[in-house]
Amino acid sequence: MDFLQTLVSIFMQYGYFAVFGILILCGFGLPVPEDISLTAGGVISGLGYANVHIMFFVGMAGVLIGDSFVFWLGSHYGERALTLPVLRTVLHPERFDKVREQFKKYGRWVVFVGRFMPGLRMPIFFTAGTSKQISFLLFLLTDGFAALISVPIWVYLGYYFAHNFDELMGWVRSGQTLILILVVLLVGILLFFWWRKKQREGKGTK
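Residue 129 in the UniProt record's numbering sits at position 129 of the sequence shown, with consecutive numbering throughout.
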């Protein structure tokens with residue numbers, strides 16, 4: 001809660017620009033929870049320092065621009081970018097190889113799931129860029145679809161519980177669980193349809 005209050009104090013002073021900047025830095029692996037940052041943006045909206053609907057768009061923009069820049073680094077500089085200090089600390093060669101293997105197996109769906117995995121988000125998006133298996137547009141659409149699930153939950157949660165931090169933190173924990181359940185369900189549905197498609201293709205070749 002103390003960290004949330006600290007972010008709220010900063011955001012109350014600097015508004016949308018602070019929220020936007022923090023979210024972009026989160027994309028680079030800044031050790032600041034993205035969900036708490038978005039929630040803090042919602043809180044200052046609930047306290048009257050910002051418009052909650054504008055805050056939602058600011059949140060989406062900050063998240064997607066930060067993610068896109070990481071993808072761009074991977075796409076344009078490849079593994080050479082791993083020597084950069086900002087990447088070297090969170091993406092050592094072993095992790096990079098593991099993420100690359102997962103990406104070869106599951107493609108863009110690794111990007112979708114990665115949006116909900118704070119510790120692996122940046123390595124996954126960087127690897128997506130280096131892989132050349134996914135275009136920037138497809139990356140942006142996949143990442144954006146995932147962000148449309150999480151960003152509004154955190155922003156509007158902060159907005160509605162801006163005057164009750166204790167209750168808000170309880171809902172934040174519930175929100176994390178809810179998002180995880182939604183992602184698991186969605187991935188399960190996608191895997192089911194993928195399996196059905198493979199079954200039909202198998203029958204068609206007989």
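We put the beta carbon where it would ideally sit given N, CA and C, even for glycine.
What's the C-alpha gap between Phe125 and Val70?
Their backbone Cα atoms lie some 6 Å apart in a straight line.
Please say whether Gly59 and Leu30 have beta carbons closer to each other than 8 Å?
Taking 8 Å as the Cβ cut-off, Leu30 and Gly59 do not qualify as a contacting pair.
Check whether the stretch 130-148 and the stretch 41-51 touch, using three or more Cβ-Cβ pairs below 8 Å as the test.
At 8 Å Cβ cutoff, the stretches do not touch.
Excluding five sequence neighbours on each side, which residues of the same chain lie with their C-beta closer than 7 Å to the C-beta of Thr110?
For the record, residue 110 in the displayed sequence is Val; it is not Thr. Same-chain partners within the cutoff: Gln102, Phe103, Ile124.
Is the stretch 61-78 touching the stretch 140-153 in the sense that three or more CB pairs, one from each, lie closer than 8 Å?
Enough Cβ pairs lie closer than 8 Å, so yes.
Which term fits Leu180, buried or exposed, when burial requires 16 or more other beta carbons within 10 angstroms of its beta carbon?
When all chains shown are included, Leu180 counts as exposed.
Along the chain, where does the alpha helix (DSSP H) that runs through Phe126 open and close?
That run of the alpha helix (DSSP H) goes 121-131.
Nearest to Ala11 by alpha carbon, out of Leu191, Leu25, Asp35, Ala50?
In the sequence under discussion, the amino acid at residue 11 is Phe, which differs from the Ala named in the question. Looking at the Cα atoms, Ala50 is the closest of the given residues.
State the DSSP-derived secondary structure class of His76, mapped to helix, strand or coil.
His76 falls in the helix class under three-state DSSP.
Just the Cα atoms here: how many angstroms apart are Lys98 and Glu79?
Roughly 14 Å between the two C-alpha positions.
Tell me the DSSP secondary structure of Ala146 in three-state form.
Residue state, collapsed to three classes: helix.
Using a Cβ-Cβ cutoff of less than 6 Å, which residues in the same chain neighbour Val52 once the five nearest sequence positions on both sides are dropped?
Within the same chain, Val52 has close Cβ partners Ser45, Tyr159.
What does the Cβ neighbour count give for Val155, buried or exposed, with the cut at 16 atoms within 10 Å?
Buried.
What's the C-alpha gap between Ile153 and Gly114?
Cα to Cα, the separation comes out at about 17 Å.
Can the beta-carbon of Ser131 be found less than 8 Å from the beta-carbon of Arg100?
Yes.
So the alpha helix (DSSP H) Met117 belongs to, where does it begin and stop?
Element bounds for Met117: n/a, residue is neither H nor E.
Hey, would you say Ile36 sits closer than 8 Å to Phe57, going by beta carbons?
Not in contact: Ile36 and Phe57 (Cβ atoms no closer than 8 Å).
Out of Gln133, Tyr14, Ser68, Gln13, which one is the CA nearest neighbour of Gly107?
For Gly107, the nearest C-alpha among the options comes from Gln133.
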